[in-house]
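First up is the structure itself, then whatever we jot down about it.
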Amino acid sequence: MRRSSLETNRSSGLRRTLRNPTGLAVLVLALVASQPSVAQKIHSYEPLMMDPCSTIYVDDGSCSAGKVLKVQGVPKNQRRKKSCVPRDSIAGGTPSGARK
37 MRRSSLETNR SSGLRRTLRN PTGLAVLVLA LVASQPSVAQ KIHSYEPLMM DPCSTIYVDD
97 GSCSAGKVLK VQGVPKNQRR KKSCVPRDSI AGGTPSGARK
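One rule links them: number in the numbering used here = place in the sequence shown (from 1) + 36.
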């Protein structure tokens with residue numbers, strides 16, 4: 037089987053980009069920029085619905101000073117996992133109502 041000229045041009049263009057240090061740097065930068073932010077939003081209340089296996093942080097006053105409630109979603113018919121964690125352990129957490 038013979039490749040079409042379009043498939044050959046695409047694969048050779050990608051190879052050229054990966055060999056060129058500038059092209060590789062641009063590709064890596066684009067991939068990093070497209071990733072979601074690592075900062076966690078701190079909610080003021082616990083939502084009624086959550087995706088399974090998702091984690092949110094809630095500052096509703098149920099934990100002691102300097103701590104927030106970590107809530108982990110679970111599949112249907114199971115209780116959510118909740119624990120108090122230090123606010124410092126959250127990467128870049130800011131209150132949802134905070135102003136800059």
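From the three backbone atoms N, C-alpha and C, an ideal C-beta is built for every residue, glycine too.
If you're wondering where the values come from, they're calculated on a predicted model, not measured in any experiment.
Touch test, the stretch 108-120 against the stretch 85-98, Cβ-Cβ under 8 Å, three pairs minimum: yes
Residues sharing a beta bridge with residue 112, DSSP: Answer is none; residue 112 lacks a bridge partner.
Residue 93 - containing beta strand (DSSP E), residue span: 91-94
Beta bridge counterpart(s) of residue 104 as assigned by DSSP: DSSP output for residue 104 lists 121 as bridge partner(s).
Residues that residue 126 bridges to, as DSSP identifies them: Paired residue(s): none; residue 126 is not in a bridge.
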